[in-house]
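If you read the protein sequences in the order shown, they are chains A and B.
Take the first sequence: its letters are residues 1 to 114, numbered as in this note's numbering.
Take the second sequence: its letters are residues 1001 to 1115, numbered as in this note's numbering.
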Amino acid sequence: AQKVTQAQTEISVVEKEDVTLDCVYETRDTTYYLFWYKQPPSGELVFLIRRNSFDEQNEISGRYSWNFQKSTSSFNFTITASQVVDSAVYFCALRTSGTYKYIFGTGTRLKVLA
Amino acid sequence: DTGVSQNPRHKITKRGQNVTFRCDPISEHNRLYWYRQTLGQGPEFLTYFQNEAQLEKSRLLSDRFSAERPKGSFSTLEIQRTEQGDSAMYLCASSLGSGGDQPQHFGDGTRLSIL
């Protein structure tokens, strides 16, 4: 069975602090895709990153970075020097090959305080 | 790129009534998805269309739910004989299926409240 676990329900940080959001996934498939989405207070889910199972390279995009480790089945997301505008709910998602079903975690609510 | 459009934004109805939601995907996107999201949860997959073909449907979806995408453009999601438990945000997403896994673009959703 496939599953995505985001154990952190809510995190609060002060502006300019770094914060890491954890994502642990379960699948027996060797080919799969992992995603992060942001859902700001306005509600619309915004795509942040996609990673396939054969590409374990970590990625950095501005203040955002992602650490994919197959050995621990984790795909963690770090925001460096957080800003108030980063306040949102962040979802990790999994899709395995052979299905178009995306499995989302329960999300982590990030609050960045000024 | 005008984004994914969903109508209505809100729907309030009495238990037992039928409701229909509409989704207009980004024009060149051939893949369309429906999800349901309840408070404090992530989106839950309901069904997937590639062009006009419904290729995947969640086993959790009861037979009161039906979706169509008749011409491979807009899609409708109908819920018959609504129940209290159907209260949720219904999200539509679309993507371009041209090999690989293109990111989904989500609409603002339709919030359904059952009285």
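From the three backbone atoms N, C-alpha and C, an ideal C-beta is built for every residue, glycine too.
Check whether residue i and residue j have beta carbons under 8 Å apart
| i | j | result |
| --- | --- | --- |
| T20(A) | T78(A) | yes |
| G1109(B) | G43(A) | yes |
| V1004(B) | G1097(B) | no |
| S1095(B) | Q1084(B) | no |
| A88(A) | L110(A) | yes |
Local Cβ density within 10 Å of residue i, reported as buried at 16 or more and exposed below that
| i | result |
| --- | --- |
| R1036(B) | buried |
| A1093(B) | buried |
| T1038(B) | exposed |
| P1070(B) | exposed |
| G98(A) | exposed |
Minimum Cβ-Cβ distance from residue i to chain A less than 8 Å
| i | result |
| --- | --- |
| Y1090(B) | no |
| F1021(B) | no |
| P1025(B) | no |
| Q1104(B) | yes |
| P1043(B) | yes |
Supposed close pair residue i, residue j - CB separation, criterion 8 Å
| i | j | result |
| --- | --- | --- |
| K18(A) | S82(A) | Inspection of the sequence shows that residue 18(A) is occupied by Asp rather than by Lys. So it is a contact: roughly 7 Å between Cβ atoms. |
| R1022(B) | T1082(B) | So it is not a contact: roughly 17 Å between Cβ atoms. |
| L1032(B) | F1049(B) | 4 Å |
| Y128(A) | R95(A) | Any question about residue 128(A) goes unanswered here, given that chain A covers just 1 to 114. |
| G107(A) | Q6(A) | 6 Å |
| R50(A) | F68(A) | That pair is no contact at about 11 Å. |
Beta carbon proximity, residue i to chain B, threshold 8 Å
| i | result |
| --- | --- |
| F47(A) | yes |
| K101(A) | yes |
| F75(A) | no |
| E26(A) | no |
| G62(A) | no |
Exercise for the section: State whether the stretch 1011 to 1026 of chain B contacts the stretch 22 to 32 of chain A, with contact taken as three or more CB pairs (one from each stretch) at a distance under 8 Å. Expected result: no
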